[in-house]
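Peer 1:
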Amino acid sequence: MVNEQPLTPSQVAHNGVQLMLAGFETTRNAFSGGVLALLEHPEQMALLREDPKRLRLAVEEIVRWSDPVISLMRVATADTEVGGKKIKAGERVLLWFPSANRDSEAFDEPYKFDITRHPNLHLGFGAGPHFCLGGPLAKLEIRLAMEELLERYDGIEITGPVERVQSSFVGGLKHRPVKLIPHAINSRPACQSLR
Ligand code: HEM
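Under our numbering, the letters of the sequence shown match residues 1 to 195, in that order.
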């Protein structure tokens, strides 16, 4: 019910689809983007391996850095002003999340991937009344997946070029081949692909 009115079948269907798309694509892309960031910044991977308790903060930085949601559009409902720019009611405004998450007024060294960043008031999950419904679930999923990966594999090596999804809406890795080197008690190296 919204305003005491039941949702129409179309609204129910759209909500279901939104929940599934919002939940899968974003989290998957944040995880693979996070693994890539750690591989491209071996000193950050070393920090994480040295103390896995850093994972909670690392997950925030992974979401800030990987920015699974790239942009969303809003339509102004009233005349307003943002950052000195006047916006008229009815005008469309595109929110660029990677830009907000690299705002030098909000972050020290915004172009540095730093898993110890604290505070980390990123906007990867949006802000305000439409703040991501699944944010805590997404963070839990990324943390558990990362814990398993680091526990099972002593090494992860990049073995090929990265291919990105071409999108200005929800972005991420399409393909990034890696070699996983299992923990010593496990068997031979396995070739996998981050998706
Ligand atoms: C790393 C993973 C995720 C990221 C980066 C992300 C990001 C976002 C962003 C930026 C918004 C828009 C906020 C706005 O419109 O201002 C949003 C909304 C939403 N997200 Fe997520 N999300 C993630 C995971 C999830 C998961 C796992 C679920 C559900 C299981 C989910 C469900 C939703 C829903 C339902 C909304 C709409 C909320 C509303 O309009 O009130 N998201 N998310």
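Beta carbons: idealized from backbone N, C-alpha and C, even for Gly.
(1) Using only CA atoms, which one of V93, R176 and W65 lies nearest to L121?
(2) By DSSP, does M215 sit in helix, in strand, or in coil?
(3) So does the region 12-21 actually touch the region 145-157, counting three or more Cβ pairs closer than 8 Å?
(4) Taking 8 Å as the threshold (C-beta atoms), are L55 and E147 in contact?
(5) State the Cα-Cα distance for the pair G229 and Q44, rounded to the nearest angstrom.
(6) Can you find a heavy atom of the ligand HEM that lies under 7 Å from the Cβ of T80?
(7) Measuring alpha carbon to alpha carbon, tell me which residue in T80, L150, G172 and P161 is nearest I181.
(8) What does the Cβ neighbour count give for E173, buried or exposed, with the cut at 16 atoms within 10 Å?
(9) Where do the ends of the alpha helix (DSSP H) carrying E91 lie?
(10) With hydrogens ignored, establish whether the beta-carbon of V165 is closer than 7 Å to any heavy atom of the ligand HEM.
(11) Can the beta-carbon of A30 be found less than 8 Å from the beta-carbon of A100?
(12) Given the structure, does H130 come close to the ligand HEM, in the sense that its CB is under 7 Å from one of the ligand's heavy atoms?
(13) Among E4, L36, V170 and N3, which has the Cα closest to the Cα of K179?
Peer 2: This is what the structure gives:
(1) W65
(2) Nothing can be reported for residue 215, as the shown portion of the chain is limited to 1 through 195.
(3) no
(4) yes
(5) Nothing about residue 229 can be reported from this structure: the residues present for the chain run from 1 to 195 only.
(6) no
(7) L150
(8) Per the sequence presented here, residue 173 reads as Leu, with Glu not at that position. L173 comes out buried.
(9) Here E91 belongs to no alpha helix (DSSP H), and DSSP marks it neither H nor E.
(10) no
(11) no
(12) yes
(13) L36
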